[in-house]
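All remarks here apply to the structure that follows.
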Amino acid sequence: MSDTPAPAPADNAPNPAPVPEPSPAPVASWRDTLPDDLKSNTSLGKFETVEGLAKSYTNLEKMLGADKVVVPKDGDQEGWNRFYRAAGHPEKAEDYGFGKPEQIPEGMVYDPELDKRLAGIVHKHGLNKHQAAGVRNDLLAMVGEGATANLESSKLAEAENQKAIIAGENALKAEWGNAYEQRGKVAGAAINKFLSPETVAAFAAAGIANNPAVIKDFYNLGVKLAGETELIGAGQTEHTPGDLDGAIADFRTKHGSALYDKSHPDHTVRVKEFTALYQKRFPG
502 MSDTPAPAPA DNAPNPAPVP EPSPAPVASW RDTLPDDLKS NTSLGKFETV EGLAKSYTNL
562 EKMLGADKVV VPKDGDQEGW NRFYRAAGHP EKAEDYGFGK PEQIPEGMVY DPELDKRLAG
622 IVHKHGLNKH QAAGVRNDLL AMVGEGATAN LESSKLAEAE NQKAIIAGEN ALKAEWGNAY
682 EQRGKVAGAA INKFLSPETV AAFAAAGIAN NPAVIKDFYN LGVKLAGETE LIGAGQTEHT
742 PGDLDGAIAD FRTKHGSALY DKSHPDHTVR VKEFTALYQK RFPG
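Residues in the sequence shown are numbered consecutively from 502, following my numbering.
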């Protein structure tokens with residue numbers, strides 16, 4: 502034998518091809534026992550075991566309740582009626598039991614006829630008692646908010662109107678002085694004499710009859726057309742500050758010599774008359 506060693510294999514010798522591992526056998530599924538139309542149903546694909554399917558079904562029964570009513574399709578009115586009844590839809594609108602609320606918002610007036618109409622509307626659309634009560638409460642709250650807002654606005658407008666009237670009356674009192682009450686009666690009598698009851702009522706409702714400008718105009722109208730005596734009868738005539746100022750000036754012009762000359766025979770009488778006239782103009 503030769504002692505020469507065998508040559509080493511070349512580095513570029515090809516590697517042997519890998520042997521593929523055998524594919525695992527398919528795992529049997531509980532769905533394999535189902536008919537083809539159910540086996541391919543994607544909704545069953547989420548259940549890995551029959552136990553999972555059973556639990557899901559029992560939970561569904563609990564959610565549906567005893568009646569197990571299926572949600573109907575659009576246009577299936579009879580189906581919807583069954584669905585509404587299963588959800589608690591009462592047989593009649595009166596069964597909702599709507600009545601006068603214990604608390605009614607300020608400025609809102611309860612109308613049982615509107616409650617009756619509302620019951621008919623919610624019954625028509627299949628609401629149960631709980632839903633109907635919720636809708637009614639929300640509507641009452643919404644209407645109440647509007648009524649309260651309107652009331653506050655009305656109160657504010659009335660307050661502003663009263664302020665304007667009081668300011669006008671004060672100006673009229675300053676102009677008429679002690680004659681204010683008498684002339685006010687003349688104006689009121691003129692309103693009742695020359696206006697119809699319907700117009701007087703409209704004036705009162707609108708607050709026009711108490712407007713100082715209207716009072717002044719009707720006083721002047723009454724005096725021109727009928728006179729104070731015919732309107733309120735004979736009585737002591739009250740004078741305005743302007744009337745008294747004119748009377749004082751006239752008195753000084755007419756009786757100045759007797760008023761300022763102590764030796765004049767009428768001095769005492771004229772001073773007494775002038776003092777009474779002056780005190781009537783300035784009662785304080």
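Where is the CB? At the ideal position from N, CA and C, for every residue including glycine. All figures in this text were calculated on a predicted structure; none of them were measured in a lab.
query, result
"Residues near residue 633 by beta carbon distance below 6 Å, same chain, minus five either side", "597 and 623"
"Rounded separation between residue 713 and residue 664 - CA only", "12 Å"
"C-alpha distance - residue 647 paired with residue 616, whole-angstrom precision", "18 Å"
"Supposed close pair residue 553, residue 609 - CB separation, criterion 8 Å", "About 56 Å separates the two Cβ atoms, so there is no contact after all."
"Rounded straight-line distance, which links the Cα of residue 661 to that of residue 710", "17 Å"
"Burial state of residue 555 (16 or more Cβ within 10 Å)", "exposed"
"Buried versus exposed call for residue 728 [16 or more other C-beta atoms within 10 Å across all chains shown]", "exposed"
"Spatial distance of residue 643 from residue 602 (CA atoms)", "14 Å"
"Cβ-based neighbour list, residue 771, same chain, cut-off 7 Å, excluding 5 preceding and 5 following", "756, 759 and 760"
"Nearest neighbour of residue 752, chosen from 730, 651 and 777 [CA to CA]", "777"
"Close-in-space but distant-in-sequence residues of the same chain around residue 688 (CB under 7 Å, 5 per side omitted)", "716, 719, 720 and 723"
"Length of the line joining the Cα atoms of residue 659 and residue 701", "20 Å"
"Collapsed DSSP secondary structure at residue 722 in the structure displayed", "helix"
"Check whether residue 590 and residue 546 have beta carbons under 8 Å apart", "no"
"Inter-residue Cα distance where the pair is residue 680 and residue 697", "27 Å"
"Of the residues 654, 669, 620 and 766, the one placed nearest residue 638, counting alpha carbons only", "620"
"Spatial neighbours of residue 630 in its chain, beta-carbon cut-off 8 Å, leaving aside the 5 residues before and after", "589, 591, 596, 597 and 598"
"Euclidean distance between Cα positions of residue 650 and residue 699", "31 Å"
"Residue 735 burial status per 10 Å Cβ neighbour count (16 or more: buried)", "Because residue 735 carries a pLDDT of 48, less than 50, the predicted location of this residue cannot be relied on, and the following value inherits that uncertainty. Residue 735 should be labelled exposed."
"Per-residue DSSP class, three states only, for residue 783", "coil"
"Terminal residues of the alpha helix (DSSP H) in which residue 623 lies", "613-625"
"Spatial neighbours of residue 585 in its chain, beta-carbon cut-off 6 Å, leaving aside the 5 residues before and after", "627"
"C-beta atoms of residue 548 and residue 541 nearer than 8 Å", "no"
"Exposed unless 16 or more other CB atoms sit within 10 angstroms - verdict on residue 747", "exposed"
"Alpha helix (DSSP H) segment containing residue 542, residue limits", "Run containing residue 542: none; DSSP gives neither H nor E here."
"Chain-order list of residues whose beta-carbon lies under 8 Å from that of residue 673 (same chain, five-residue window excluded)", "681, 713, 716 and 717"
"Residue 543 to residue 537 span [Cα, whole Å]", "12 Å"
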